[in-house]
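Single-structure report; data block below.
In the numbering used here, the protein residues as written are 53 to 125.
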């Protein structure tokens, strides 16, 4: 499954983990998330702004944990 990062704040949506706070259960695919959904951390970036992540190396480079709520951990 894939991961997607908000370019504004670093929030990462991981399909494996979902985001239950947002109503997305683990296993919810990116394509199933509504097109009008916005980043839950910064609310500035829309779904289409998110950048696909390709590996855990990406997380190490940015300092963000997969499935994290950026600064809130």
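Every residue gets a Cβ at the ideal spot worked out from N, C-alpha and C, and that includes glycine.
Does DSSP put residue i in a helix, in a strand, or in coil?
| i | result |
| --- | --- |
| residue 87 | coil |
| residue 93 | coil |
| residue 67 | coil |
| residue 62 | coil |
Are the beta-carbon atoms belonging to residue i and residue j less than 8 angstroms from one another?
| i | j | result |
| --- | --- | --- |
| residue 63 | residue 55 | no |
| residue 57 | residue 100 | no |
| residue 74 | residue 92 | yes |
| residue 97 | residue 70 | no |
Does the beta carbon of residue i sit closer than 8 angstroms to a beta carbon anywhere in chain C?
| i | result |
| --- | --- |
| residue 94 | Among the protein chains of the structure shown there is no chain C, as only one such chain exists. |
DSSP beta-bridge partners for residue i?
| i | result |
| --- | --- |
| residue 98 | 90 |
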